[in-house]
Structure formats: C-alpha cells, structure tokens
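What follows is a single structure, written as structure tokens, with notes after it.
There are 2 protein chains.
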Amino acid sequence: MNDKRPIRATSGTNHEGTSAHNRRVIIDALRLNGALSRADLARATRLTKQTVSNIMEELEGDGLVTSRESVRHGRGQPSTPYGLVPEGAFAIGLQIDRHITRAIAVDLVGNVLIRKEANLPAGGPTTGTPVVLQLVQDVRMELKQRVAQAEKRLVGLGAAMPGPFGLERDDADNPWMMGPWQRFPLLETLSAGTGLNVTLQNDAAACATAERMVGAAHGLDHAVCLYVGYGIGAGLILGGELYSGARGNAGEIGMALLSSGGRRTVEHNASLASLYEHLGVDPMAPDIYSLIDKRAAADDPDILAWVEKAAVDLRWSVHLIETVFDPQTVILCGGAPAALAVRLMAAMQPLLPSNADRPNRLLPRLQLGMTDPWAVARGAAAEPIGHAFDPRFSAILKS
Amino acid sequence: MNDKRPIRATSGTNHEGTSAHNRRVIIDALRLNGALSRADLARATRLTKQTVSNIMEELEGDGLVTSRESVRHGRGQPSTPYGLVPEGAFAIGLQIDRHITRAIAVDLVGNVLIRKEANLPAGGPTTGTPVVLQLVQDVRMELKQRVAQAEKRLVGLGAAMPGPFGLERDDADNPWMMGPWQRFPLLETLSAGTGLNVTLQNDAAACATAERMVGAAHGLDHAVCLYVGYGIGAGLILGGELYSGARGNAGEIGMALLSSGGRRTVEHNASLASLYEHLGVDPMAPDIYSLIDKRAAADDPDILAWVEKAAVDLRWSVHLIETVFDPQTVILCGGAPAALAVRLMAAMQPLLPSNADRPNRLLPRLQLGMTDPWAVARGAAAEPIGHAFDPRFSAILKS
DNA sequence: CAAATTAGTCAAGACAATTGACTTAAAGAA
DNA sequence: TTCTTTAAGTCAATTGTCTTGACTAATTTG
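Line by line, the protein sequences give chains A and B.
full-length UniProt numbering applies: residue 1 is where the first sequence begins, and numbers increase by one.
full-length UniProt numbering applies: residue 1 is where the second sequence begins, and numbers increase by one.
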C-alpha cells in the first residue's frame, strides 16, 4: 500500500506548553538573579504584570517561592521581592569515579544538605552497584529524616561518571577508561533500584552544570569547563544549554590525539591518573586528596614537575576549546585539590594565542572554577532540578 | 537608591509565540519530509487535526503550501497531501570569498534560480563593496523580472564569508585571513545598501546549513561539516541547530594548532590556499576551479602529493571533531572540485580511531557532501528562509 | 498636601488549541 | 450488493492562558 516511513518532525506546542515555559522562565530568572519583584519579573521576561502575578501565585501555592520583605526604591509603591524556597525541591546527586563514589542531597537553590562517600571496590558494576545503591539509599534516608516533606519533593537522581559511553570495543587495558561500568546499564539499574527519575551524564558535563548553577559560568550562555579529574574532559555549555552530542560523548577532549601521527592524548600527561602514576601513589588511598593538596601547597618538586608537563597539554586544550567552541570563557575545574589547581592555572600562563585572544574582553580567557571533590555530584544533582524547571526548548514541546 | 543592575532572564511566550512555533514546525516538517497530509502532520507534530487544519488553511492563504493530488492508502478516506510552494518565499545568498564573490537567488524549497559571480578586486572592502552590492542588485533585478511577486516575498539576504570575526589584532600577513573584510561592518553596509534583512555567518557554517537543508545532513540533529575552502573550517549542526559560538567563530578548526609546541595549523597543509601555493597557480585565475578539477581527475602527481599531505591533517581534524562534538556523522564539503574531493576522501581512509569508531553505526563516520562552488551561497540563502520559518527556540520568544 | 511614580489587582476580552460529534470516502466482508 | 470498518477531515462549542485597560495602594517629590 503506502510506504510507512517514519515522519520526522518537531513537536508542536499548546497552551500548557506556553504556561510551562513561562513558569520555567520565571524560576530560572529567580535562580539567576535572586529574589525579584513581580514587576521586575514582568519586565525581564516580557510578560505582563498580570501573567506574572498569576504564575507567582501558583508557584507560591506550590511552595517554590515565597515573598521577602518589601523594599522601597524611590517613588512608587514599594515592591515585594519573591525568592526561591530552598525546600521547594530536592535532588540526589551521584558521582561514580574510578575508585570512589559520592552521593549528595541538594535543595532547589543548590545547597548541599548531605554528603556521603564510599570506596568503590575493584570489580566493576558487579561488586560496585550494591555499594552505590546503598550510598544513595543512605543519603535518601537521612534526607527523609531531616526534612519531613523532602521525599515527595524529590525530583530525581542525577548520576555522573567518566565517559565515553556506548563504546563497544573493549579498552580494558586503558587505565583512563572504566570499561565495565561504561557498558553497564547503570541508568536502568539505578532507576529500578531507587524508583527515582534518573539521568546520567559524564563527569565533565556535570561539573559544567555545577559551574553554571553556582560557579564561574553562572548566567553565561557559552562556557566550556575543562575538567581535570581522574581523566580529562570538557563540559559544554553551548547556547545556554548543556550540550552532550549525539551519544553523550561530546567534550571528551582527553581522548583527542595530540597530533596526527602520535598516539598520545591529553589524558596521558594531564589527568590526575597521570599525576598518581608520576608520584607513584595509590589512587585508592583514602586521604589522597588532602595528601596531594598538602604536597602541592608545599611546592613538592615532583608535583611541580608534573604541573609543568601537564600545563603544556592543558594550555593546548584551552587553545583548542577556544578555537572550536568560541566560548565566552574557559573554566578550569574538576577534582584537583585547590593548591594543585592554582599551580596548574599559573603554569598554564601565558595561554597560547587564539581567536579568543582579543583586547577588551569582558571575561578572562581562563578562570579557575570549583576545586571541590563534590562539584561533580553537585552538578549531577542539578540536572534533575534543571530538568524540572529550566526554560529549554524541549520543555515547551508537548509531553 | 536601589541598584539598577540589569536583570538576566529568558523571554516568556504567549499565544502568538505558540502559534508561530506551530506554523514553523509544520513548515519544517514539510521541508524535511516532502508533501504530507493534514492527518500525517497532526500525528508527526502531536497537534490535533483541527489545529493542523487551521494552520494549513492559513499557510495556504499565505501562498506557502498547496494541495497535491489525493492519495489512497487502504481503507479510509484518501488523504490530500500538502507541499511547500517553491514561490512562497525567496532569498538571496551571497558568498564573499578571498578572490571571488557569488550571489544567488533561491526559493522556499532551496531551488537556485539565479547565479552570478564576480571577481573581487584586491583592496578589501573599499573597492570590493561596490562590486558586491552591484552583484546583489543584479541578482535581485533579474529575480524581479523573472518572478513577478518575488520582491515582496523576498525574506532577506544571507551573506557568508571566511571567519573569524571580531578580531582586533591585525593578521594582514596571514594569507588565510581576510583582515580588512573581517573588520569591515559588512552587515550594516549590506543592510543599508539593499534595505533587506541581512544575516552574516562564516562560510563553513553556511555550507553546513546547505548540507542540512538539501544535503548529507538532511534531517540530522548532530552533524559537523568539515569545510575545505580557501581556508578550513567546521560548520556545526548541534542539537538540530546551527551553532556559532559566542562571537560567531565556533568551528574555526583551521586555526587550531596541531600540537602544543608548534605554530602549524590545519590550514597550512589542507586548505585550497595551500594547494594553490603548492601548485604555484594564481588563485585569481578565472578558470581555477575547472583547472584543478581536470588536473585532479587526471591524477596529476603534484595534486596527489598535496592530497596525501592534506589528508594527514584532515584525518586528524575528523578525529578531533568526532572527539569533541560527538556528531552522528562528519561531512566533507566545501569549494574543492569534485575530483579533488573524491581523492581527498579516499586518501583520508582509514580514519583515525576515535569514540565514533564503533560497529553498527547507522551513518558512515565520514561522508562526502556538496562539492559545489555554490554551496556556500546556497547555505547563506537558506539562513534568512530558515530564520523566517524554522522552529527554533528564539522564534517562540516574544518579539 | 497634591502630583507623580511605581507595584500590583480586577474583570473582561482575545487568541489559539482542544474536544467530541459529525461528514466523507475508501476498502473489505458478508 | 450492501453493511461494516477504517481513516481523513470539518464543525461548533469549550477550555486554557495571556492581554488589556481601568483600578487601587503605597511611596517620594515639590
């Protein structure tokens, strides 16, 4: 009969889509700017005062915003600012790293309420999954105990782990990869194990989300986070949204070959894995973070030697990021201890010339972002909250 | 009194935004799938039959779609497909290249109605602008003569030229740059000179737009066009939209340094400029395109030597693009003559390993796109048409 | 104390999608 | 043939959401 080829089309939208979009726009404005009056919101979103009033009433009813003390500014009736209610929503963030797993609980404005971590046994998902699930369960339990209505305002679980995802070839020999984990249906397992709405992204992307929410990328539409963790990656904020690529592997800059001939990648010289190897320390050591931090702070020559070597590749990475993404700024972030990160930043100067190298820039080419072992988990937790409220294209489409 | 810091927020939307979005979704579906019945459209866009009917009636009244012959498919009333009317809208596309400028007129479905080109005198915008404006004027005049109502359905002028834009440092010595043009307020000049709605993008981006509209990227949401022209660039289709970066310079992969130490870029070995230099031919020669094409087709050893050298860097470029963008496919396109492009493609095999190198891919890692000197102008022309009708986030925001 | 200015509300109206019943047109079954 | 099923498409009423314009409220300025 007729060919039943699938028809490709974007989804249309309707009244509810409009309304959802406007709600999200308002929440996003409040997150970005702090408390705002209805009149301010109306101007900023280009909606009418009345529309904003209606939506605010609804949001207040939903327990997502509350009024603050009214402020006088010159002539006219004083305005009543409304701010987000931290307890309006909660999410759990989960990081699965090479040797450790971390889980946190955050609220609507990004405050971290609970942190827990556990060593991840060797043996991949088989032995690791119970540990991870238990950790999540512990965080959830404690959250439930601490905040009465948290459970029903828990919007989801955001998980992050090193990429790349969906590769079929086995890179078991590559110390920077987590092959068994990457082939494991983590999302489904977590979803089944917790009953929560689960999202999965790579650690660099999660870090970028965290930077956008509360860090150096706050309010920026084009920013790239150069993530230095056990491996190296880039988290991409492009056009105001996190970009993940066709299969969630965008930004895996650590795997970029440094030249057309060689087999060396950025990760070989600049990842924390390479640092541990260089120093001959055991990455499983429980106090490794503070150990590195102390040695870096004391300008340990072994550390400085690694920093010099790593800076060469990181400098090139920044050049590359600037050249291909044209961001407003590049943010160095990740699990590197603060003292180490500061030294890396310094060693990367001067940056290589690039298109981003112009006078009268508003933002520096390279900024130091969060150097917090919990940053990835924070970003992971931000994902479900963002999904629930951010103004994004997909959000206005019909469900 | 109070601090009048600017408030950052996304714009809200209203009924007209909804309606505009749905119109655009429908037009886009028709462009992507060809003629579709109202029922098909309703299913594809997830709008109701009635809504689609209303919009179709409006679009038909606007002269953008017409009904085709009804088709029977099994039981039920036969459907009446509607297709885009080519004469529904027109746009002018303009390419400004190093030594030549091209202008075309296209219709709503992308047919090229008129092509004109002119040599661009040395001396930059001062001597070049009159030539460009005259060329545009010529195309416009001929369009007006050929199609009576074209003038009032002319939605804009899309211009493309090599990037990068907005650099303040002077690279007059760099033969791959067009410094004076890049610092020239082309957009304003064209706008003032023609009275049209003008957009400006780089040539690689324009080429990507063309590939998305009628080429290998048709219907893809994540595709990168590796553009080999006088310089080298990448046109980025990310998340279904063209991505340009913070300042329109995203994808300038030709300027990426090949290693952290050196000063060599992809453009040095793989651009047509490097080919002309390698061959010792004058890039101003009027028949240069067919000349290269013939020599390539005859497997001229000088050409083949260049191909080998260029392929090394292009292979690396593909690896890099796959690693940082994670696209569904990479498309080799640009102003290279067909015979040369085919040889480049062949010489690039085998590709370097990357995350994209997995079995059961749906699309090849690298495809040959348009090898048409007019592709850039076509893509440039698609921009105003797309702007007028595409479903994009910005389109649903309040004007 | 009146005028100006700004925040915010009220009630009616406008716009655009939805709903459900209906009409039309074809294929297949009895 | 005729009845049933299926699918396309229309009609008219309804619903959801934003806009409009007039209004009230609260404050500063002259």
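Ideal Cβ placement from N, Cα and C applies to all residues, glycine included.
Going by C-alpha positions, Ile114 of chain A is about 53 Å away from Leu187 of chain B.
Taking all protein chains shown into account, Val330 of chain A has 16 or more neighbouring C-beta atoms within 10 Å of its C-beta and is therefore buried. Cβ neighbours of Leu320 of chain B within its own chain (closer than 8 Å, five residues either side excluded): Ile253, Ala256. Among the residues of chain A, those whose CB is under 9 Å from the CB of His222 of chain B are Gly245, Ala246, Arg247, Ala250, following chain order. Taking 9 Å as the cut-off, the Cβ atoms of Cys207 of chain A and Ala375 of chain A count as close. The alpha-carbon separation between Gly123 of chain B and Met345 of chain B amounts to approximately 35 Å. Taking 9 Å as the cut-off, the Cβ atoms of Leu275 of chain A and Trp306 of chain A count as close. For Phe389 of chain A, the uninterrupted alpha helix (DSSP H) run begins and ends at 375-389, by DSSP. Arg102 of chain B and Leu120 of chain B have their C-alpha atoms some 10 Å from each other.
Taking 9 Å as the threshold, the shortest C-beta distance from Ala234 of chain B to chain A falls below it.
Chain B has no Cβ within less than 9 Å of the Cβ of Gln77 of chain A. In terms of Cβ geometry, Asp313 of chain A and His387 of chain A do not form a close pair [threshold 9 Å]. Contact between Ile96 of chain B and Leu157 of chain B fails: their C-beta atoms lie close to 12 Å from each other, not under 8 Å. At least 9 Å separates the CB of Thr194 of chain B from every CB of chain A. Nearest neighbour of Asp138 of chain A by Cα position, chosen from A:Thr194, A:Ala89, A:Pro164, turns out to be A:Thr194. Its chain contains Gly254, Met255, Ala256, Leu257, Leu258 as the residues whose beta carbon lies nearer than 7 Å to that of Thr265 of chain A, once the 5 sequence neighbours on both sides are disregarded; these appear in chain order.
When secondary structure is reduced to three states using DSSP, Glu69 of chain A falls in the coil class, being assigned neither helix nor strand.
Membership of Arg31 of chain B in the alpha helix (DSSP H) is indicated by the continuous run 15-33. For Phe325 of chain B, no pairing in a beta bridge is given by DSSP.
Boundaries of the beta strand (DSSP E) around Asp107 of chain A: 100-107. Contact between the region 19-39 of chain A and the region 56-66 of chain B is absent: fewer than three C-beta pairs spanning the two stretches fall below 8 Å. Each residue's CA atom was taken as its position, placing Asp221 of chain B and Arg8 of chain A some 11 Å apart. Counted as a single uninterrupted DSSP element, the alpha helix (DSSP H) harbouring Gln137 of chain A occupies residues 125-146. Between the beta-carbon of Asn197 of chain B and that of Gly248 of chain B there is about 17 Å, and that puts the pair past the 8 Å contact cut.
By the criterion of a C-beta distance shorter than 6 Å, Gly83 of chain B is surrounded in its chain by Ala35, Arg68, once the five residues flanking it on both sides are discounted. Of all residues in the region 317-342 of chain A, only His319, Leu320, Thr323, Val324, Phe325, Asp326, Pro327, Gln328 place a beta-carbon less than 7 Å from a beta-carbon of chain B.
In this structure, Thr80 of chain B lies near Ser37 of chain B, with their beta-carbon atoms less than 9 Å apart. The Cβ atoms of Cys225 of chain B and Glu211 of chain B sit closer than 9 Å to each other. Per the coordinates, the alpha-carbon of Leu279 of chain B lies some 50 Å from the alpha-carbon of Gly219 of chain A. Within the region 366-385 of chain A, not one residue has a Cβ closer than 7 Å to any Cβ of chain B. The beta carbon of Ser70 of chain A sits closer than 7 Å to those of Pro78, Ser79, Thr80, all from its chain and outside the five residues before and after it, given in chain order. In this chain, the beta strand (DSSP E) harbouring Gln201 of chain A covers 198-202.
For Pro130 of chain A, the number of other beta carbons within 10 angstroms of its own is below 16, and it is reported as exposed. At a cut-off of 3 residues, the continuous stretches assigned as beta strand (DSSP E) that sit fully inside the region 302-374 of chain B are 329-334, 366-371. Around the C-beta of Pro373 of chain A, 16 or more other C-beta atoms lie within 10 Å, and the residue is accordingly described as buried.
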